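Protein chains in written order, with the working numbering: chain A, 1 to 126; chain B, 1001 to 1469.
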């Protein structure tokens, strides 16, 4: 019975799917999303699983889209084709790296750089 | 694909003939290894500045700087431009190098004479790894970009770019490299300025800001962790690349006396805004409605969207010039390093200047063939291989800087600094990410080198650098 139902589903709806098998995570706020589609597709992004307030990110024939600049939190992606068929949603979780660690490493980097500059300037003095 | 393959092939043919022709013409007077490797030590300010700018503008500058901006925002754009400090800080060092080693040939000469053979061996391993990965990544980038831009098959595009650079570098040596760099730098700079103005004609800064604030807010955020970490990581990576590599040392030796400091300062100042201009193009992609299927193609896609076919041709030429100006410099500097440090110092100390020139030419050819063989299978991505070298080059900064200016800097410090800094930096690369590896590698190396210098009672005799050549 289920096999018969699957067979009856339009081909476009069957093929409209994200390449990633499950939820994606990112610690930098950027991620590459890839998909399969029989033709042109629209990629939409929402902050809620019910896709309220969703906004379109891309519409066209490409099969990938690079998303960047996301703040921390959960996001939900969906594909729609011209016939109105939809893919299964894809969840993306963004958890940025530790800000404390980033600030410490920036301070360390600044100290090293100042040390190098001081050594060169001091050494270059006649 | 932005261009028809026929247009791509025509452009490729025109510029290939131009570079090979100029290389043969400029190289006709080279007689000895010194002529071939160091252009007779007589390069003036204009050519000197241009070659430094052109060599530092790689395909990474025109392709990876937009990628940095798209991924890491304003900080990413600035982080990439921080690599200019490599040239700016090398300016006073180049003067010091010329003073201490007026007859030097390579950065390997410095390590051998200053720190001994063991440190020299580590340096050679690190620098050859870096130079060869840079060379491979540039050649691969050539094939990938020509394929993406004009549909030229990857192997053909990569082979033509590499083949052209090998031909004119073999025949013309450093003088051909510097001469072609001069023209290439002018083309790249004019192209980027035109593209920047064209983008601003199509979209205002306000529109770009509004789009970023709404759809990519982290790109404008000051406290963006990955971007913050990238700032000094990239700066230190850039310092490490310039301070250690024979590409830059060979120029310090080749420039006329008194020219090196000014040339590297001018080059740093000219180079500084280029990644910002290139990055700005990427930040405009959202406001322009350009869908980006791959972050390393953001630059070409936005330019083609704004300028159409003319923009696509401009991208093709800029990319070709960026690649050629870096590949030729790497081929020349690496073949000179192997000729001087391995062939002459280890195998044939009494080799004649004409023989050394011939050996350098053969090594250039072998490097080209080796690079080609590695590139054919197309393994890895544009930047990933090169970033692997970040902690290795970072770990060499302090041994070089202290070795040039402090008598108390010593072999234990240099060897430990390179091994500990490189090793721990690589662990950080795999445990945390590329954006911390150079910072951590340099920090570890710095602590070790400074501790060894502080505890040392030795006083290095600078005359040994002059006498040992």
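Using N, Cα and C, we set each Cβ at its ideal position, and we do this for glycine too. From a predicted model like this one, the values you see are computed outputs, not experimental measurements.
In or out: residue i buried (at least 16 other Cβ within 10 Å) or exposed?
i, result
"residue 1361 of chain B", "buried"
"residue 1382 of chain B", "The pLDDT assigned to residue 1382 of chain B is 48, lower than 50, so where the model puts this residue is not dependable, and the model offers no usable value."
"residue 25 of chain A", "exposed"
"residue 1404 of chain B", "buried"
"residue 1208 of chain B", "buried"
"residue 1298 of chain B", "buried"
"residue 1204 of chain B", "exposed"
"residue 111 of chain A", "exposed"
"residue 1357 of chain B", "buried"
"residue 1223 of chain B", "exposed"
"residue 1034 of chain B", "buried"
"residue 1219 of chain B", "buried"
"residue 61 of chain A", "exposed"
"residue 1029 of chain B", "exposed"
"residue 43 of chain A", "buried"
"residue 1133 of chain B", "buried"
"residue 1227 of chain B", "buried"
"residue 72 of chain A", "exposed"
"residue 40 of chain A", "exposed"
Indicate whether residue i and residue j have their beta-carbon atoms separated by less than 8 Å.
i, j, result
"residue 1286 of chain B", "residue 1076 of chain B", "no"
"residue 99 of chain A", "residue 87 of chain A", "no"
"residue 1136 of chain B", "residue 1371 of chain B", "yes"
"residue 1027 of chain B", "residue 1175 of chain B", "yes"
"residue 89 of chain A", "residue 70 of chain A", "no"
"residue 1073 of chain B", "residue 58 of chain A", "no"
"residue 124 of chain A", "residue 1096 of chain B", "yes"
"residue 1149 of chain B", "residue 1002 of chain B", "yes"
"residue 1323 of chain B", "residue 1138 of chain B", "yes"
"residue 1009 of chain B", "residue 1106 of chain B", "no"
"residue 1173 of chain B", "residue 1036 of chain B", "yes"
"residue 1492 of chain B", "residue 1064 of chain B", "What is shown of chain B runs 1001 to 1469, which leaves residue 1492 of chain B out entirely."
"residue 1057 of chain B", "residue 1188 of chain B", "yes"
"residue 1158 of chain B", "residue 1321 of chain B", "no"
"residue 1080 of chain B", "residue 1378 of chain B", "no"
"residue 1093 of chain B", "residue 120 of chain A", "yes"
"residue 1282 of chain B", "residue 1069 of chain B", "yes"
Excluding the 5 residues flanking residue i on each side, which residues of the same chain have their C-beta closer than 6 Å to its C-beta?
i, result
"residue 36 of chain A", "15 and 17"
"residue 1445 of chain B", "1395, 1398, 1417 and 1421"
"residue 1408 of chain B", "1453 and 1456"
"residue 93 of chain A", "25 and 74"
"residue 1167 of chain B", "1020"
"residue 122 of chain A", "none"
"residue 1007 of chain B", "none"
"residue 1303 of chain B", "1195, 1311 and 1315"
Looking only at its own chain, which residues have a Cβ that is under 7 Å from the Cβ of residue i, when we skip the five neighbours before and after it?
i, result
"residue 1170 of chain B", "1361, 1364 and 1365"
"residue 1424 of chain B", "1440, 1441 and 1444"
"residue 1071 of chain B", "1295"
"residue 1436 of chain B", "1229, 1233 and 1428"
"residue 1017 of chain B", "none"
"residue 1160 of chain B", "1012 and 1016"
"residue 32 of chain A", "64 and 66"
"residue 1247 of chain B", "1055, 1329, 1330 and 1333"
What are the partner residues of residue i, as DSSP defines its beta bridges?
i, result
"residue 79 of chain A", "A:43"
"residue 1350 of chain B", "Beta-bridge pairing links residue 1350 of chain B to no other residue."
"residue 55 of chain A", "A:45"
"residue 26 of chain A", "A:94"
"residue 1241 of chain B", "For residue 1241 of chain B, which the question treats as bridged, DSSP gives no partner whatsoever."
"residue 32 of chain A", "A:66"
"residue 1328 of chain B", "DSSP, once it has assigned bridges, lists no residue as partnering residue 1328 of chain B."
"residue 17 of chain A", "A:36"
"residue 60 of chain A", "A:41"
"residue 1255 of chain B", "B:1043"
"residue 86 of chain A", "A:80"
"residue 1181 of chain B", "Residue 1181 of chain B is not bridged to any residue."
"residue 73 of chain A", "A:94"
Beta-carbon within less than 8 Å of residue i's beta-carbon, same chain only, minus the 5 sequence neighbours each way: which residues are those?
i, result
"residue 1410 of chain B", "1115, 1452, 1453, 1456, 1458 and 1460"
"residue 1259 of chain B", "1043, 1044, 1045 and 1048"
"residue 52 of chain A", "46"
"residue 1005 of chain B", "1150, 1151 and 1152"
The ligand GDP heavy atoms versus the CB of residue i: any closer than 7 Å?
i, result
"residue 1112 of chain B", "Here there are no bound small molecules, and the ligand GDP is not part of this structure."
On the three-pair Cβ rule with 8 Å, is the region 1267-1283 of chain B touching the region 40-55 of chain A? no
Pairs of beta-carbons, one from the region 1246-1259 of chain B and one from the region 1090-1103 of chain B, closer than 8 Å: are there three or more? At 8 Å Cβ cutoff, the stretches touch.
Quick one: any contact between the region 1198-1205 of chain B and the region 1328-1344 of chain B, if contact means 3 or more CB pairs under 8 Å? no
On the three-pair Cβ rule with 8 Å, is the region 1338-1347 of chain B touching the region 1301-1316 of chain B? no
If you pair each beta-carbon of the region 1049-1056 of chain B with each one of the region 1180-1190 of chain B, do three or more pairs fall below 8 Å? The region 1049-1056 of chain B makes contact with the region 1180-1190 of chain B, as at least three CB pairs between them are under 8 Å.
Okay, do the region 1086-1096 of chain B and the region 1233-1249 of chain B touch, 3+ Cβ pairs below 8 Å being the bar? yes
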